[in-house]
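Take the position in the sequence shown, starting the count at 1, then add 10; the result is the number in the working numbering.
All residues carry an ideal CB built from backbone N, CA and C; glycine is no exception.
These notes concern the structure reproduced below.
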Amino acid sequence: MAIKTVTTVAELQAESARLLTSKGGTSQGLVPTMGALHQGHAALARTAVKHNDVVVATIFVNPLQFGDATDLDRYPRTLDADIALLEEQGVDLVFAPTVDEVYPDGEPLVRVTSGVLGEKWEGASRPGHFDGALTVVAKLLHYGIPGAGLPASGKSQGGLPAYRAYFGQKDAQQLALVRRMVADLNFPVKIEAVPTVRAADGLALSSRNRFLDEAEREAALVLSRALRLLEERAMSRQPLDLDSARAMVESQPLVALDYFDVVDPGTLDPLAENCRETPFRGEALAIIAAKVGPVRLIDNMPLAS
Ligand code: AMP
């Protein structure tokens, strides 16, 4: 069945309810994105399609999470190609609203606060970013609640449809925050994480990679190489020796390292004890961010032994 694109919340809810009814579906998946889609987003969409009867993808570049207006203006917008990619993965419905549709009264007075978890790492260099991101994710998760568009008579039949939303491990801090928001504020949705999709050479796919020139792209590979080094050390229960991995990144002249640390996957607090001389044990997340040419890149690697 051909994919359908809608731009209003009312259409989204009516159309997803119609799809649920016509398919006799019992589950709905939501895949929030900002567009400029690549194979990382495709993996999210495919996972959602595999596990849900109806899948809605959203494409919205959220002004609230951009500190810098130029960054917002230059964010790539490729709507037709995005819709084609989502259709190939089997997504049923695309919700691509305008800024006015999402914020009809202008900037919201009341927002989600990301707290201490939103102030560290990415939050430290992008103040307000996670409050803006969580606020729009909260709205999108509400729009996508399955059955919201069903007539009252349809709602009582059977139980509530299952509701799942898909986020990439690539944005580990966002994922941790969305999980906390959903748990702390009792959202009726299950958050599913999808592993990071990488190019063949290891670079994590990102909509921003297109702004790297050839030399910068080559230099950027040091991020995934350093993460992989830690992964190998963790798997073989060697000391992580984070300092030597940091030095490897810092030796690359085109890369300005912001942070590189090993943290608890839930709280994102550093696990200093576990990353120096003693052999690595347990579970952790290695996180890295660096500026490469004009682009700020982030990447991470789950560690386990
Ligand atoms: P964005 O459009 O950049 O806001 O990303 C939308 C969703 O796609 C987020 O949940 C991201 O974590 C996820 N995503 C972005 N890049 C990747 C990737 N390389 N692998 C897996 N998921 C990704």
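| So R174 packs on G77, CB below 8 Å; how close in whole Å? | With 8 Å as the limit, R174 and G77 do not qualify as a contact, their Cβ atoms being about 31 Å apart.
| If you run the structure through DSSP and keep just helix, strand and coil, what is V259? | It is helical.
| Which value, in whole angstroms, describes the spacing of the CA atoms of T31 and A148? | Each residue's alpha carbon lies about 25 Å from the other.
| request: With a threshold of 7 Å, establish whether the CB of L215 neighbours any heavy atom of ligand 1. | output: Yes, the Cβ of L215 comes within 7 Å of a heavy atom of ligand 1.
| said: ligand 1 and F177: does any heavy atom of the ligand fall closer than 7 Å to the residue's C-beta? | reply: Correct: F177 has its Cβ closer than 7 Å to ligand 1.
| request: Could you tell me if the beta carbon of M44 falls within a distance shorter than 7 Å of some heavy atom in ligand 1? | output: Result yes, Cβ under 7 Å from ligand 1.
| query | Where do the ends of the alpha helix (DSSP H) carrying R227 lie? | reply | First-last of the alpha helix (DSSP H) with R227: E224 to M245.
| Between E202 and V265, what straight-line distance do the alpha-carbon atoms span, to the nearest angstrom? | Between E202 and V265, the C-alpha separation is close to 32 Å.
| Is the Cβ-Cβ distance between T17 and T88 less than 8 Å? | Pairing T17 with T88 gives a Cβ-Cβ distance that is not under 8 Å.
| task | Look at the Cβ atom of A236, then the Cβ atom of F270, and state whether they are nearer than 8 Å. | result | Closer than 8 Å, so yes.
| Using DSSP with H/G/I as helix, E/B as strand and the rest coil, what is L170? | Annotated three-state conformation of L170 is coil, per DSSP.
| Can G142 be considered in contact with ligand 1, in the sense that its beta carbon sits closer than 7 Å to one or more heavy atoms? | False, no ligand heavy atom lies under 7 Å from that Cβ.
| query | What's the gap between the Cα of T206 and the Cα of A225? | reply | Roughly 23 Å separates the two Cα atoms.
| request: Have a look at V146 and V41 and give me their C-alpha separation to the nearest angstrom. | output: Approximately 13 Å between the Cα atoms of the pair.
| task | Have a look at the DSSP bridge pairing and note the partners of I93. | result | DSSP lists no partner for I93.
| task | Hey, could you find the ends of the beta strand (DSSP E) V101 is sitting in? | result | Going by DSSP, V101 is part of no beta strand (DSSP E) at all; its letter is neither H nor E.
| said: Threshold first: 4 residues or longer. Then list the alpha helix (DSSP H) segments lying entirely within the stretch 12-58, N to C. | reply: At a cut-off of 4 residues, the continuous stretches assigned as alpha helix (DSSP H) that sit fully inside the stretch 12-58 are 19-33.
| request: Report yes if the C-beta distance between Q99 and V59 is below 8 Å; otherwise report no. | output: Yes, the pair counts as a contact, with Cβ atoms nearer than the cut-off.
| field | Cutoff 7 Å; reference I93; Cβ partners in own chain excluding five residues on either side | value | Within the same chain, Cβ atoms closer than 7 Å to the Cβ of I93 are found at I13, T15 and V104, the five residues on either side in sequence being excluded.
| message | For ligand 1, is there any heavy atom lying closer than 7 Å to the beta carbon of L278? | response | No, the beta carbon of L278 sits no closer than 7 Å to any heavy atom of ligand 1.
| Between S124 and L187, is the Cβ-Cβ spacing less than 8 Å? | Against a cut-off of 8 Å, the Cβ pair of L187 and S124 comes out as a contact.
| Pick from M11, A24 and G154 that is closest to I69, judged by C-alpha positions | Comparing C-alpha distances from I69 to each of M11, A24 and G154 shows the shortest one belongs to G154.
| query | Since L298 contacts L195 with CB under 8 Å, what's their CB separation in whole angstroms? | reply | It should be pointed out that residue 298 corresponds to Ile in this sequence rather than to Leu. Between I298 and L195, the beta carbon gap of about 30 Å keeps them out of contact (Cβ cut-off 8 Å).
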